[in-house]
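In what follows, a single structure is set out as structure tokens and then discussed.
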Amino acid sequence: MKLTTLGMIMGLIISISWVIWGFFPMLGILLTTIILGGIGYFLDAKGYSLNKLAIKMLDKIAN
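Under the numbering used here, read the sequence shown as residues 4 to 66, first letter to last.
In structure tokens:
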């Protein structure tokens, strides 16, 4: 899964939890989705991948 998609999904999950508090948090939904999607797009453009990050973390834990 690309990090852009992951960022967008995270933004939507966080934002949907705000829906119960009214209309103005809906503006936060859009802002959060755009920000996290942008972060995911930037990381994807830089060449980061979840597989590489997971392998690095597991190597650090193993050593």
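Beta carbons are placed, not taken as given, at the ideal position from N, Cα and C, and that holds for glycine.
Of the listed residues the options, nearest to residue i (C-alpha basis)
i	options	result
Met13	Thr35, Trp21 and Pro28	Thr35
Min CB distance residue i to chain C below 8 Å
i	result
Thr35	Chain labels in this structure do not include chain C; a single protein chain is all it has.
Nearest-angstrom Cα separation, counted from residue j out to residue i
i	j	result
Lys63	Phe27	43 Å
Ile38	Ala65	33 Å
Ile23	Ala48	35 Å
Leu61	Trp21	34 Å
Lys59	Gly50	14 Å
Beta-carbon gap between residue i and residue j smaller than 8 Å
i	j	result
Gly31	Ser18	yes
Pair every Cβ in the stretch 4-11 with every Cβ in the stretch 38-46, then say whether three or more of these pairs are closer than 8 Å. yes
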